[in-house]
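I have placed the structure first, in the form of structure tokens, so that the comments after it can refer back to it.
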Amino acid sequence: MAYLQVKDLKKTRELWGRLERDRELVITKDGQPRAIMISVEPEDLETSLVEIRRALFSAAVSRVRRRAQTLPLADDDIAQAIEESRRDRR
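This is the structure we're talking about:
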């Protein structure tokens with residue numbers, strides 16, 4: 181996986197060359213990953229976005245399920261959360 185510092189985004193010629201070669205870049209700020217840049221074909225943009233969103237949603241659901249298994253809620257806690265949500269909607 182190739183990494184690129186956020187300050188190097190200004191170097192467009194180098195950026196496009198690296199993206200073409202590596203197909204994906206992790207953008208870092210202060211040494212921490214902050215974004216992912218991927219190469220797409222113009223005609224595949226919409227399909228790529230749908231697939232990325234689907235993957236991110238699936239990963240989020242998996243994280244919530246894992247957390248729920250390690251920190252199960254009591255029935256009273258669930259009922260209280262439902263009641264608070266319903267009250268907030270009114």
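Under this note's numbering, the sequence shown is numbered contiguously, ending at residue 270.
Cβ atoms here follow ideal geometry from the backbone N, Cα and C, with glycine treated the same way.
(1) Report yes or no: do the region 186–194 and the region 207–216 share at least 3 C-beta pairs separated by less than 8 Å?
(2) Less than 8 Å between the CB atoms is what I'm expecting for Ser228 and Leu199, so what's the real figure, rounded?
(3) When you compare only the Cα positions, how much space is there between Leu205 and Ile216?
With the structure as the only source:
(1) yes
(2) That belief does not hold up - the Cβ atoms of Ser228 and Leu199 are roughly 14 Å apart, past 8 Å.
(3) 6 Å
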